[in-house]
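Asker:
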Amino acid sequence: MEKVFRSLGATAVVRGGQTMNPSTADILEALQTLKTEKAIILPNNKNIIMAAQQAAELSELEVAVVPTRSLPQGIGALLALDQQATLDGNVAAMLRAARDVVTGEVTHAVRDVALDEVTVHTGDAIGLLDGTLTVAADTYEEVVQRLLEKIPLDDRELVTLYYGVDVTQGTAESLKAGLAEIYPALEFEVISGGQAHYPYLFSVE
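Numbered according to my numbering, the sequence shown spans residues 2 to 206.
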C-alpha cells in the first residue's frame with residue numbers, strides 16, 4: 002500500500018503492521034526527513050493514533066494528526082488534501098472525508114472465537130467492518146460479498162478493492178465483475194495494494 006499512498010502525494014511513509022506498530026520515535030524520525038514547516042500525520046490504525054499524537058507534540062514542526070483508523074480511511078483523507086489550503090482547513094476536510102469511508106478488511110482467523118452472532122475457527126476467512134468482526138465464510142471473495150451485504154448502500158457510489166500480495170489481478174478482476182453484476186448502481190475499482198495478511202481491503206464511499 003505504500004506505493005498507493007506515495008502516488009497520492011504522501012511524502013513519508015512509516016511501515017507498520019499488525020505485529021509491528023511504529024513507535025513515537027519512528028514517526029518523529031520520519032517527520033525529521035520532511036523539508037517543510039507543517040505536516041499532517043495519518044496513523045491509519047487505531048493502535049498508532051496515540052504514538053502519532055505524541056510525535057506531533059514533540060516535533061519541531063507544526064503537526065496535526067487526522068486520526069484515521071484504517072488504510073482506506075487514510076486514502077480517503079489523502080484524496081481530500083488541498084495543497085493550497087491552510088493546515089486547519091485541510092485537517093477539517095480530511096476528517097470529513099475519512100469519516101465518510103466505510104472500511105472492509107478481509108483476512109483469516111488466527112484462533113477460534115465466538116463474538117455475538119459470528120463464530121469462527123482458526124484458518125477461516127473472516128471480514129471486519131470498521132474494525133469489528135462481522136462475517137466468516139469459506140473464501141475471501143465470499144467474505145467481501147457478505148460484508149457489502151451488511152452496508153447500507155443507498156447513498157454510496159464507489160467501492161475500491163485493494164488486493165493483497167497473495168491475490169492475483171485476475172482473481173480480483175473476477176471478483177469485481179461479479180460484484181458489479183450484483184450492484185449495478187455502484188462503481189467498482191480494483192487496485193493492487195500488495196499488502197500482506199489481508200487478501201482484500203476495500204473502501205465504500
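Don't be surprised by glycine CBs; every beta carbon is placed ideally from N, CA and C.
Is the region 109-120 in contact with the region 82-91, if contact means three or more CB pairs nearer than 8 Å?
Answerer: Result no; under three Cβ-Cβ pairs closer than 8 Å.
Asker: From the DSSP output, read off the bridge partner residues of Ile192.
Answerer: DSSP, once it has assigned bridges, lists Tyr163 as partnering Ile192.
Asker: Reducing DSSP to helix, strand and coil, say where Lys39 ends up.
Answerer: Strand, per DSSP.
Asker: Pick out whichever of Ala93, His109, Gly77 and Arg112 has its Cα sitting closest to the Cα of Ala99.
Answerer: Nearest of Ala93, His109, Gly77 and Arg112 to Ala99, Cα basis: Gly77.
Asker: Check for me: the beta strand (DSSP E) holding Ala207 runs from which residue to which?
Answerer: This structure cannot speak to residue 207, because the chain is shown only from 2 to 206.
Asker: Leaving out the 5 sequence neighbours to the left and right, which residues in its chain are closer than 7 Å to Ala13 when beta-carbon positions are compared?
Answerer: Only Ala31, Thr34 and Leu35 meet the Cβ criterion.
Asker: Going by alpha carbons, who is nearest to Thr133 out of Ser8, Ser71 and Gly17?
Answerer: Closest option to Thr133, Cα to Cα, is Ser71.
Asker: Residues in its own chain within less than 7 Å of Ile28 by CB, not counting five upstream and five downstream?
Answerer: Result list for Ile28: Val15, Ile42, Ala52, Ala53 and Ala56, in chain order.
Asker: Could you compute how far the alpha carbon of Tyr164 sits from the alpha carbon of Gln146?
Answerer: The alpha-carbon atoms of Tyr164 and Gln146 are separated by roughly 14 Å.
Asker: Short of 8 Å in beta carbon distance, which residues of its chain neighbour Arg157, apart from the five on each side in sequence? Order them along the chain.
Answerer: So the list reads Val103, Leu187, Val205 and Glu206, once near-sequence residues are dropped.
Asker: Answer with buried or exposed for Leu176, where buried requires no fewer than 16 other C-beta atoms within 10 angstroms of its C-beta.
Answerer: That one is buried.
Asker: Less than 9 Å between the beta carbons of Lys151 and Leu180, yes or no?
Answerer: Not closer than 9 Å, so no.
Asker: Could you work out which residue in Thr169, Pro44, Thr135 and Val92 is closest to Ala110 when comparing CA atoms only?
Answerer: Ranking the options by Cα distance to Ala110, first place goes to Thr135.
Asker: How long is the line joining the alpha carbons of Glu58 and Val64, rounded to whole angstroms?
Answerer: C-alpha separation (whole angstroms): 8 Å.
Asker: Going by DSSP, what residue range makes up the beta strand (DSSP E) through Tyr201?
Answerer: Segment Tyr201 to Val205, the beta strand (DSSP E) holding Tyr201.
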